[in-house]
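J.: Pasting in a structure now, in structure tokens, and then I'll have a few things to ask.
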Ligand SMILES: Nc1ncnc2c1ncn2[C@@H]1O[C@H](COP(=O)(O)OP(=O)(O)O)[C@@H](O)[C@H]1O
Ligand SMILES: [Mg+2]
């Protein structure tokens with residue numbers, strides 16, 4: 051076990067990277083997902099078809115492929131490729147943010163559809179603007195409806211961060227795999243497993259709280 | 487200017503090829519309580535919804551307090567439309583309270599956004615209006631904790647917070663258990679006594695007879711007959727009107 055204590059710093063560093071990808075993805079993809087929803091619902095056919103197509107492609111192909119595409123594929127695109135060359139970490143964040151924004155966009159769209167049109171009508175006859183209606187009436191109700199699905203997606207996101215090891219981002223699984231190879235014991239995998247479980251424990255607690263807050 | 491608070495001339499509305507309002511004309515004096523009766527599908531809700539711009543009319547003129555919402559098929563610019571409909575409130579069959587907000591916040595949301603008064607003044611006003619509809623003790627309750635009758639009274643209170651000159655009611659008691667309709671009708675009757683101008687779509691014939699100054703009978707997209715409650719309920723001229731009235735049990 052001394053080996054383990056000497057490695058603790060590496061595990062922590064890996065955990066930090068895992069948490070960063072998780073947090074950055076969430077912070078970008080939630081608002082971006084809302085924009086996706088607005089685009090999907092846009093009256094402008096061009097915008098809504100574009101959003102439909104993007105969501106279809108992103109949801110219909112593996113996240114792993116998207117990750118590889120951003121890191122290895124983008125730089126090879128003629129002409130603009132040189133502007134689309136990103137570090138491993140940034141590539142991972144881009145692929146994840148886009149992917150999750152599409153999933154969240156679909157979830158929010160479902161939430162939006164579940165809200166009775168009477169809420170828009172009541173708001174209008176009370177003199178609320180469309181923006182006020184959206185922010186004060188519709189979105190708070192949408193969040194309540196969507197929370198369970200967002201919670202599920204967030205737990206999946208924690209686990210999906212493991213995929214980034216494929217492009218060499220040094221997150222927790224990367225370090226534990228290296229340790230397994232080096233030391234010939236499966237224990238480092240259990241360390242990684244424990245890290246994911248602990249993160250998801252906290253994610254679950256936070257969402258339970260939120261769901262309680264939004265109960266009516 | 488005429489004393490008419492609402493004037494509707496040749497109003498037309500269709501949904502695709504279904505013509506729902508066929509040249510509707512009527513007017514309302516300040517302080518009138520107009521009941522709109524008629525069988526389901528005759529266009530009563532659509533008429534109210536056109537007045538308050540929840541549906542776009544396809545032709546005709548609607549004038550509210552002398553200002554034209556739509557003039558011979560041409561709508562006023564959006565800003566004027568907003569200002570014209572802000573003179574009216576509406577109460578819906580299914581209440582449409584904001585389920586995520588307390589009774590108090592349901593009342594305060596819109597007047598706060600419009601900055602009608604300072605927040606403490608608005609809160610005080612909310613209390614007074616809730617007192618008036620008999621629900622002051624429910625001020626902190628969530629809508630889900632209220633009975634249907636209470637929800638509808640909150641919806642009326644919420645409309646009153648905006649100081650409308652006219653309130654439109656679309657079957658305000660149709661979604662209620664029969665024993666809860668009275669509490670809502672009493673509130674509406676109290677408003678009638680205060681000379682609030684109201685248009686009420688209702689199937690409560692006893693109530694309509696008792697509070698209205700005028701009754702409109704709608705049939706298949708037209709106002710087939712119009713008159714005082716006495717005329718309509720006691721000696722209807724049209725056969726369809728008497729058929730409708732006898733089909734309604736109460
Ligand atoms: N949004 C809509 N789209 C299509 N048809 C509608 C819509 N709203 C109402 N209608 C039709 O308009 C007619 C009148 O409806 P409505 O005004 O609701 O009648 P009432 O309130 O008298 O029962 C009905 O035939 C109804 O099916
Ligand atoms: Mg109706």
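Protein chains in written order, with this note's numbering: chain W, 51 to 266; chain D, 487 to 736.
Glycine residues also receive a C-beta, built at the ideal position from the N, C-alpha and C atoms.
Remember, it's a predicted structure, so these values are computed and weren't measured experimentally.
Could you tell me the alpha carbon to alpha carbon distance between residue 245(W) and residue 222(W), rounded to whole angstroms?
T.: Along the first chain, one-based indexing puts residue 245(W) at 195. Along the first chain, one-based indexing puts residue 222(W) at 172. Taking the straight line joining both Cα atoms gives about 8 angstroms.
J.: Roughly how many angstroms lie between the CA atoms of residue 254(W) and residue 158(W), to the nearest whole one?
T.: The residue labelled residue 254(W) in the question sits at position 204 within the first chain. The residue labelled residue 158(W) in the question sits at position 108 within the first chain. Rounded to the nearest angstrom, the two C-alpha atoms are 20 angstroms apart.
J.: State the DSSP-derived secondary structure class of residue 519(D), mapped to helix, strand or coil.
T.: Within the second chain, residue 519(D) is the residue found at index 33, counting from 1. Strand at residue 519(D).
J.: Quick one, which residues of the segment 541-572 of chain D are near chain A if we go by CB-CB under 9 angstroms, in chain order?
T.: This model lacks chain A altogether; the protein chains it does include are W and D.
J.: Under a three-way DSSP split, which group does residue 577(D) fall into?
T.: As a working mapping, residue 577(D) is identified with position 91 in the second chain. Note: residue 577(D) maps to strand in three-state DSSP.
J.: What ranges does the alpha helix (DSSP H) occupy inside the segment 161-196 of chain W, keeping only unbroken runs of at least 4 residues that lie completely in it?
T.: For the segment 161-196 of chain W, whole alpha helix (DSSP H) runs of length 4 or above, ordered along the chain, are 167-175.
J.: Please indicate yes or no: does the CB of residue 657(D) lie closer than 7 angstroms to some heavy atom of ligand 2?
T.: Taking the second chain and counting its residues from 1, the one referred to as residue 657(D) is at position 171. Yes, since a heavy atom of ligand 2 falls inside the 7 angstroms radius drawn around the Cβ of residue 657(D).
J.: Are the C-beta atoms of residue 524(D) and some chain W residue less than 8 angstroms apart?
T.: The residue given as residue 524(D) occupies position 38 in the second chain. Not closer than 8 angstroms to any Cβ of chain W, the Cβ of residue 524(D) fails to qualify, so no.
J.: My assumption, with CB atoms under 8 angstroms, is that residue 545(D) sits in contact with residue 496(D). Please give the rounded CB distance.
T.: Here residue 545(D) refers to the residue found at position 59 when the second chain is read from its first residue. Here residue 496(D) refers to the residue found at position 10 when the second chain is read from its first residue. Going by Cβ atoms, the distance from residue 545(D) to residue 496(D) rounds to 7 angstroms, so yes, they are a contact pair.
J.: What does the Cβ neighbour count give for residue 563(D), buried or exposed, with the cut at 16 atoms within 10 Å?
T.: One-based indexing of the second chain puts residue 563(D) at position 77. With fewer than 16 other Cβ atoms within 10 Å, it is exposed.
J.: Does DSSP put residue 685(D) in a helix, a strand or coil?
T.: Here the question's residue 685(D) lines up with position 199 in the second chain. Three-state result, residue 685(D): strand.
J.: Based on Cα-Cα distance, which residue from 686(D), 549(D), 555(D), 575(D) lies nearest to residue 567(D)?
T.: Walking along the second chain from the start, residue 567(D) turns up at place 81. Of 686(D), 549(D), 555(D), 575(D), the residue nearest in Cα terms is 555(D).
J.: If you draw a straight line from the alpha carbon of residue 204(W) to that of residue 701(D), how long is it in whole angstroms?
T.: Against the first chain, residue 204(W) aligns to sequence position 154. Against the second chain, residue 701(D) aligns to sequence position 215. Their Cα atoms are separated by approximately 58 angstroms.
J.: Only counting runs of 3 or more residues, tell me where the beta strand (DSSP E) segments fall wholly within the segment 85-160 of chain W, in order along the chain.
T.: DSSP runs (the beta strand (DSSP E)) wholly in the segment 85-160 of chain W: none.
J.: Among 249(W), 233(W), 258(W), which has the Cα closest to the Cα of residue 56(W)?
T.: Here residue 56(W) refers to the residue found at position 6 when the first chain is read from its first residue. Residue 56(W) has its Cα closest to that of 233(W), out of 249(W), 233(W), 258(W).
J.: Give the residues from the segment 620-640 of chain D that approach chain W closer than 7 angstroms (Cβ to any Cβ), ordered along the chain.
T.: If the cut-off is 7 angstroms between Cβ atoms, the segment 620-640 of chain D has 628, 630 near chain W.
J.: In the DSSP assignment, find the unbroken beta strand (DSSP E) run with residue 584(D) in it and report its ends.
T.: In the second chain, counting from the first residue as 1, residue 584(D) sits at position 98. Note, residue 584(D): premise wrong, no beta strand (DSSP E); not H, not E.
J.: In chain order, what residues of the same chain lie with their CB nearer than 7 angstroms to the CB of residue 683(D), ignoring the 5 residues before and after it?
T.: Residue numbering aside, residue 683(D) sits at position 197 when the second chain is read from its first letter. Contacts found: 491, 514, 516, 517, 518, 651, 652.
J.: In whole angstroms, give me the CA-to-CA distance for residue 592(D) and residue 629(D).
T.: Position 106 of the second chain, counted from the start, is the residue given in the question as residue 592(D). Position 143 of the second chain, counted from the start, is the residue given in the question as residue 629(D). One C-alpha to the other measures close to 9 angstroms.
J.: Any residues in the segment 587-614 of chain D with a beta carbon nearer than 7 angstroms to a beta carbon of chain W? Which ones, in chain order?
T.: Those would be 595, 596, 599, 600, in chain order.
J.: Once DSSP output is grouped into helix, strand and coil, what is the label at residue 495(D)?
T.: In the second chain, counting from the first residue as 1, residue 495(D) sits at position 9. Residue 495(D): strand per DSSP, three-state reduction.
J.: Express the C-alpha separation of residue 610(D) and residue 738(D) in angstroms, rounding to a whole number.
T.: Coverage of chain D is limited to positions 487 through 736, which leaves residue 738(D) absent and any answer about it impossible.
J.: Going by beta carbon distance, what residues of the same chain come within less than 7 angstroms of residue 489(D), once the five residues before and after it are set aside?
T.: Translated into the one-based positions of the second chain, residue 489(D) becomes position 3. The residues are 515, 516.
J.: At the 8 angstroms Cβ level, is residue 578(D) part of the contact set with chain W, yes or no?
T.: Start at 1 with the first residue of the second chain, and residue 578(D) comes out as number 92. By this cut-off, residue 578(D) is an interface position.
J.: Apart from the five residues on each side of it in sequence, which residues of its chain come closer than 7 angstroms, Cβ to Cβ, to residue 499(D)?
T.: Numbered from its first residue, the second chain carries residue 499(D) at position 13. So the list reads 506, 507, 532, 536, 541, 543, 544, once near-sequence residues are dropped.
J.: Is there at least one Cβ from chain W nearer than 8 angstroms to residue 674(D)'s Cβ?
T.: Here residue 674(D) is taken as the residue at index 188 of the second chain, counted from 1. Not closer than 8 angstroms to any Cβ of chain W, the Cβ of residue 674(D) fails to qualify, so no.
J.: For the beta strand (DSSP E) holding residue 705(D), just list the boundary residues, first then last.
T.: Position 219 of the second chain, counting from 1, holds the residue named residue 705(D). Start and end: 700-705.
J.: Using a Cβ distance threshold of 8 angstroms, determine whether the segment 659-666 of chain D contacts the segment 575-591 of chain D, with at least three qualifying pairs required.
T.: Short answer: they touch.
J.: What do you reckon, is the C-beta of residue 530(D) under 7 angstroms from a heavy atom of ligand 2?
T.: As a first step, residue 530(D) must be located in the second chain, where it is residue number 44. Yes, the beta carbon of residue 530(D) sits closer than 7 angstroms to at least one heavy atom of ligand 2.
J.: Determine the burial state of residue 243(W): buried for a count of at least 16 other Cβ atoms within 10 Å of its Cβ, exposed for fewer.
T.: On the first chain, residue 243(W) is found 193 positions in, with the first residue counted as 1. With fewer than 16 other Cβ atoms within 10 Å, it is exposed.
J.: Does the beta-carbon of residue 687(D), which I'm using as the reference point, lie nearer than 7 angstroms to any heavy atom of ligand 2?
T.: For the purposes of this step, residue 687(D) is taken as residue 201 along the second chain, with counting starting at 1. Yes, the beta carbon of residue 687(D) sits closer than 7 angstroms to at least one heavy atom of ligand 2.
J.: Since residue 648(D) meets chain W, which of its residues come closer than 8 angstroms, beta carbon to beta carbon?
T.: Residue numbering aside, residue 648(D) sits at position 162 when the second chain is read from its first letter. Those within 8 angstroms of residue 648(D) in chain W are 176, 177.
J.: Contact check, residue 141(W) vs residue 120(W) under 8 angstroms by CB: the rounded distance?
T.: On the first chain, residue 141(W) is found 91 positions in, with the first residue counted as 1. On the first chain, residue 120(W) is found 70 positions in, with the first residue counted as 1. The pair is a contact, with the Cβ atoms about 5 angstroms apart (cut-off 8 angstroms).
J.: Whose CA, out of 723(D), 731(D), 649(D), 726(D), lies closest to the CA of residue 688(D)?
T.: For the purposes of this step, residue 688(D) is taken as residue 202 along the second chain, with counting starting at 1. If we check each option's Cα against that of residue 688(D), 731(D) comes out closest.
J.: Please report whether the beta-carbon of residue 212(W) lies at a distance below 8 angstroms from any beta-carbon of chain D.
T.: Numbered from 1 along the first chain, position 162 holds the residue referred to as residue 212(W). Taking Cβ atoms only, chain D never reaches closer than 8 angstroms to residue 212(W), which makes this a no.
J.: Return the chain-ordered list of same chain residues with a C-beta closer than 6 angstroms to the C-beta of residue 167(W), the five sequence neighbours on each side being excluded.
T.: In the first chain, residue 167(W) corresponds to position 117, counting from 1. Excluding sequence neighbours, residue 167(W) sits near nothing in its chain.
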